[in-house]
Structures are given as structure tokens and as C-alpha cells.
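Start counting the sequence shown at 174; every next residue gets the next number (my numbering).
Even for Gly, the Cβ is constructed at its ideal location relative to N, Cα and C.
Fair warning: this is a prediction, and the values are worked out from it, not measured in the lab.
Quick notes on the structure that follows.
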Amino acid sequence: MLIKDLEKIIKEENLKGANICNTTSLKPDEVVITQEDGKWKVYNTDERASLIGVVSCFDSEAEACEDFIKKLRLGKRLLELEKEIWGNKK
């Protein structure tokens, strides 16, 4: 999987909160993939659009894309579980 494949996967799976190569400014609750200094980086933003947690660094675009999609899928699943537990209260 490469950057060129991400948009298709995101659309097909209805994944939300993706920021690919900083094509937009950082927004709250995003997963970001970017290339800096020859390394691929994947990280999340919080409700204030600030970096949160660990920045995962990869030498390969394919590894970074896999991590990026995995994080988007986990975020989608978390939202689904929250709806199951809390309904529309949140």
C-alpha cells in the first residue's frame, strides 16, 4: 500500500479524520501521515489539533501507510463502540 492507494481505501471504508501529507492544516482528532527528512511519520492530533501520543517513524512508505490505515480503522471502531455503549448521549 502506498500514498496513492490511501484515498481509495479511506473512501471505500468511510474512514474519517485523515490528513495525508499535510494537504490541509491540522484539525482536531486526525491521523496524519507525512514525510520529513526522508522518513515517514504517522501521528494523531487531539481535540485541540495538537500532536498527541507517539510519532511513529518509518523508513518505508508502505509501512507508514499500513500504520496510518490501521489507526484510522481503530478510530472508526472506537466511535462505533462508543455509540453502542453510550448511544447518542455523547
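Among the options, nearest to residue i - alpha-carbon criterion
i	options	result
PHE231	ASP202, ALA222 and GLY211	GLY211
GLU185	ASN195, LYS256 and LEU245	LEU245
GLU209	SER223, VAL228, LYS200 and LYS177	VAL228
GLY273	VAL215, VAL204 and ASP178	Limits of the chain in this structure are 174 at one end and 263 at the other, which puts residue 273 out of reach.
LYS189	ASP202, THR197, LEU254 and GLU257	ASP202
ASN187	LEU252, THR196, GLY260 and THR197	LEU252
Paired residues, beta bridge with residue i - DSSP
i	result
CYS194	Beta-bridge pairing links CYS194 to no other residue.
LEU224	THR218
TRP213	GLN208 and PHE231
Residues near residue i in its chain [Cβ-Cβ closer than 6 Å; skip 5 each side]
i	result
ASP219	ILE225
ILE183	ALA191
LEU199	THR218 and ALA222
TYR216	VAL205, LEU224 and VAL228
Cutoff 7 Å; reference residue i; Cβ partners in own chain excluding five residues on either side
i	result
GLU239	MET174
Cβ shell of residue i (< 8 Å), same chain only, five flanking positions each side left out
i	result
ILE176	ILE193, CYS194, ILE206, GLU234 and CYS238
LYS214	VAL205, ILE206, THR207, GLN208, VAL228, SER229, CYS230, PHE231 and ALA237
LEU179	ALA191, ILE193, ILE206, CYS238, PHE241 and ILE242
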